[in-house]
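Report on one structure; see the data block that follows.
Numbering (the working numbering), first residue to last: -19 to 180.
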């Protein structure tokens, strides 16, 4: 009888230890989830803000850009229409792409799905950038040729074009800085998910 009581006491002790262990694991899971959510919001929120406000600024400045290219630079309508379509497309692409990583998707319990969304977003951003940059460089050449041929002015020498190319290089450097920051933040968010998934 005494042996049975000892066994029951040991069983109760074991049950309480298992319950306490499960409680600690659940608390650790909650803390880990909160840390993951904080890391995700920190890495991804500025990307969303930059994309949304950048797209709003592009659409707001589009009439001014058209006016400057037509009235001041004297470009013909075709390159202006092409660049206006590209700017509008880029703005709407940014709105759509950012909508795929909204908080309601990233706050889902499925970390694998969250990670996949971030990787897909990153892939689309890289693909779009690698297409847009060469296109815009070709457009600048077309734009300069259009202006000088329309005005009947001989194409300027390389020395006169250098300041314009310097401005283009500065704009590209700023663009690539933000692109690099965006990719780095996405990589950090994906790594945070990897570490979280590895602990599960």
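We put the CB at the ideal spot given by N, CA and C, even for glycine.
Cβ-based burial, residue i [other Cβ within 10 Å; buried from 16]
i: residue 157; result: exposed
i: residue 180; result: No answer about residue 180 holds up, because its pLDDT of 49 lies below 50 and its placement is not dependable.
i: residue 10; result: In this predicted model, residue 10 has a pLDDT of only 47, less than 50, meaning its place in the structure is not dependable; the value taken from the coordinates is given anyway. By the neighbour-count rule (16 or more Cβ atoms within 10 Å), residue 10 is not buried but exposed.
i: residue 49; result: buried
i: residue 5; result: Low confidence applies here, because residue 5 scores a pLDDT of 48, under 50, leaving its location unreliable; read the following figure in that light. Residue 5 should be labelled exposed.
i: residue 175; result: exposed
i: residue 94; result: buried
i: residue 145; result: exposed
i: residue 101; result: buried
i: residue 59; result: buried
i: residue 147; result: exposed
Top-ranked residue by Cα proximity to residue i, from the options
i: residue 24; options: 139, 174 and 168; result: 168
i: residue 152; options: 139, 80 and 110; result: 110
i: residue 36; options: 94, 70 and 115; result: 70
i: residue 66; options: 142, 45 and 149; result: 45
i: residue 149; options: 117, 61 and 57; result: 117
i: residue 154; options: 113, 59, 39 and 120; result: 113
i: residue 119; options: 62, 142 and 129; result: 62
i: residue 129; options: 39, 53 and 47; result: 53
Beta-carbon proximity of residue i to residue j, cut-off 8 Å
i: residue 68; j: residue 42; result: yes
i: residue 27; j: residue 99; result: no
i: residue 64; j: residue 127; result: no
i: residue 173; j: residue 91; result: yes
#### Entry: the stretch 32 to 41 / the stretch 56 to 75 touching (three or more Cβ pairs under 8 Å)
Touching, per the Cβ criterion.
### Message
Does the stretch 94 to 108 come into contact with the stretch 160 to 169, if we say contact requires no fewer than three beta-carbon pairs (one atom in each stretch) closer than 8 Å?
### Response
Between the stretch 94 to 108 and the stretch 160 to 169 there are three or more C-beta pairs closer than 8 Å, enough to call the two in contact.
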